[in-house]
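A.B. asks:
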Amino acid sequence: MTTTTATQLQTVARLWPDLHDALGTPTTVAGFGLGLRGYLAAIEQYDAEQVEFDRWQAAAMRALERSPQQLGARPIPISLRVHDTMRTVEAALAETCDQIAAASQRELMRPAPASWPTGDRIRRNQLAAADARDPQRWQLTGTRPGAVRAALWLSARAEGRRWPGRPLDDAQQQHIARVATEALRRVETTLDLAEQRRELAAEHPCQCGGTIEVYGGAGARPVARCKGCGAIWSEAGVVAA
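Every position in the sequence shown, counted from 1, becomes a number in the numbering used here once 439 is added.
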């Protein structure tokens with residue numbers, strides 16, 4: 440599980456610049472021309488699969504309050520869908536880092552008292568300075584490090600790399616795994632990289648009254664099919680009925 444989790448978090452970090460690029464490309468409602476992600480977003484505003492992830496979101500938003508500019512200044516208009524994904528994923532990653540660090544990270548080494556012998560005091564102060572600069576130490580205060588740093592830091596914890604803290608327990612590893620899975624799903628869905636298949640809500644039936652299923656993504660053009668009469672729609676219109 441830890442290898443998969445680490446890989447997912449590294450993928451989130453790798454794809455983050457693509458989200459920044461997509462942020463300045465607002466989405467307009469125009470049917471299948473949006474790709475599957477846009478089409479589904481225009482029809483269904485609520486995704487039941489996000490319930491568990493959204494349970495953490497209220498607490499995670501504290502990370503956003505610490506640095507309102509963490510996503511950087513962007514021109515207007517922007518893609519609200521991309522912005523919401525970035526804000527939610529970044530907040531969840533940062534909050535998870537905060538939780539892990541608060542529970543398991545060792546406190547900073549203190550400088551030596553002035554009463555120590557000169558040589559011992561110098562060595563102790565050097566060690567304390569190095570401890571404060573340790574790249575594996577998560578900073579709970581000050582400027583927030585951003586989603587890429589948070590994802591890579593959690594990836595290192597999932598892999599069990601050395602850090603100034605206790606080894607994570609099973610509950611912490613499982614929590615990181617859930618966050619990693621949902622973060623990657625959201626990023627890939629927003630960038631239209633993930634293959635998807637979903638039934639439309641009951642208020643969007645086919646003319647025959649049947650349920651419409653939409654599938655596509657991962658580079659494939661979106662297609663809709665009625666599970667009742669078998670009619671198929673694509674970007675070109677009705678393919679078969």
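Using N, Cα and C, we set each Cβ at its ideal position, and we do this for glycine too.
Count the other CB atoms, across all protein chains shown, that sit within 10 Å of the CB of I539; report buried if there are 16 or more and exposed otherwise.
C.D. replies: Sequence index remark: in the sequence shown, residue 539 carries index 100 (1-based). Per the 10 Å Cβ criterion, buried.
A.B. asks: When we look at the beta-carbon of E638 and count the other beta-carbons within 10 Å, is it buried (16 or more) or exposed?
C.D. replies: Locating residue 638 in the sequence shown gives position 199, where the first residue counts as 1. So E638 ends up on the exposed side.
A.B. asks: Closest to Q646 by C-alpha separation, out of G667, T442, Q578 and A590, would be which residue?
C.D. replies: The residue you call residue 646 lines up with position 207 of the sequence shown. Taking only the C-alpha atoms, the option nearest Q646 is G667.
A.B. asks: For I517, which of helix, strand or coil comes out of DSSP?
C.D. replies: As a working note, residue 517 is residue 78 in the sequence shown. DSSP places I517 in coil when its eight states are reduced to three.
A.B. asks: Spell out a yes or no on whether the region 576-592 and the region 451-458 are touching, meaning 3 or more CB-CB pairs, one atom from each, closer than 8 Å.
C.D. replies: The answer is yes - the region 451-458 touches the region 576-592, with three or more Cβ pairs under 8 Å.
A.B. asks: Which one of T443, I517 and G648 has the shortest CA to CA distance from A697?
C.D. replies: A question about residue 697 goes unanswered here, because the residues of the chain that appear run from 440 up to 680.
A.B. asks: Specify the secondary structure class of C536 as computed by DSSP and reduced to three states.
C.D. replies: By one-based count along the sequence shown, residue 536 stands at place 97. Reduced to three states, the DSSP call for C536 is helix.
A.B. asks: What separation, rounded to the nearest whole angstrom, lies between the Cα atoms of A445 and P556?
C.D. replies: Translated into positions along the sequence shown, residue 445 becomes position 6. Translated into positions along the sequence shown, residue 556 becomes position 117. Straight-line Cα distance between these residues: approximately 45 Å.
A.B. asks: Under 8 Å Cβ to Cβ from P603, same chain only, skipping five residues before and after it: list those, please.
C.D. replies: Mapped onto the sequence shown, residue 603 falls at position 164. So the list reads Q544, R545, D570, D573, Q575 and R576, once near-sequence residues are dropped.
A.B. asks: Excluding the five sequence neighbours on either side, which residues of its own chain have a C-beta within less than 7 Å of the C-beta of P592, listed in chain order?
C.D. replies: For the purposes of this step, residue 592 is taken as residue 153 along the sequence shown, with counting starting at 1. Note on identity: in this sequence residue 592 is Trp, with Pro being the wrong assignment. Only C536 and W577 meet the Cβ criterion.
A.B. asks: How far does the alpha helix (DSSP H) with R624 in it extend, from its first residue to its last?
C.D. replies: Within the sequence shown, residue 624 is the residue found at index 185, counting from 1. Segment D609 to T629, the alpha helix (DSSP H) holding R624.
A.B. asks: Indicate the three-state DSSP secondary structure (helix, strand or coil) for P456 in the structure shown.
C.D. replies: Here residue 456 refers to the residue found at position 17 when the sequence shown is read from its first residue. If DSSP states are grouped into helix, strand and coil, P456 belongs with the helices.
A.B. asks: Would L448 be called buried (16 or more neighbouring beta carbons within 10 Å of its own) or exposed?
C.D. replies: Counting from one through the sequence shown, the residue named residue 448 turns up at place 9. Burial call: buried.
A.B. asks: Where does P456 land, buried or exposed, given buried means 16+ other C-beta within 10 angstroms?
C.D. replies: Indexing the sequence shown from 1 puts residue 456 at position 17. Classification for P456: exposed.
A.B. asks: Going by DSSP in three states, R637 sits in which element: helix, strand or coil?
C.D. replies: What you label residue 637 is simply residue 198 of the sequence shown in a count that begins at 1. In this structure, R637 counts as strand in the three-state DSSP scheme.
A.B. asks: Measuring CB to CB, does R600 end up less than 8 Å from L607?
C.D. replies: Stepping through the sequence shown from its first residue, residue 600 is reached at position 161. Stepping through the sequence shown from its first residue, residue 607 is reached at position 168. Against a cut-off of 8 Å, the Cβ pair of L607 and R600 comes out as no contact.
A.B. asks: Check each candidate in H459, A541 and N564 and name the one with the smallest Cα separation from T580.
C.D. replies: Counting from one through the sequence shown, the residue named residue 580 turns up at place 141. Comparing Cα-Cα distances from T580 to each of H459, A541 and N564, the minimum goes to A541.
A.B. asks: Hey, V422 and I651 are a contact pair by Cβ (cut 8 Å); roughly how many whole angstroms apart?
C.D. replies: Residue 422 lies beyond the residue range present for the chain, which begins at 440 and ends at 680; the question has no answer from this structure.
A.B. asks: Please state whether DSSP places F471 in a helix, a strand or coil.
C.D. replies: Walking along the sequence shown from the start, residue 471 turns up at place 32. Caution applies to F471, whose pLDDT of 44 falls short of 50 and renders its modelled position unreliable; the value that the coordinates give is listed next. Looking at F471 - three-state DSSP - the assignment turns out to be helix.
A.B. asks: Could you check where the alpha helix (DSSP H) with G558 kicks off and where it finishes?
C.D. replies: The count along the sequence shown starts at 1 and reaches residue 558 at position 119. Taken as a continuous stretch (DSSP letters only), the alpha helix (DSSP H) holding G558 covers T557 to R572.
A.B. asks: From the DSSP output, in three-state form, read off E529 for me.
C.D. replies: Your numbering for residue 529 matches position 90 in the sequence shown. Note: E529 maps to helix in three-state DSSP.
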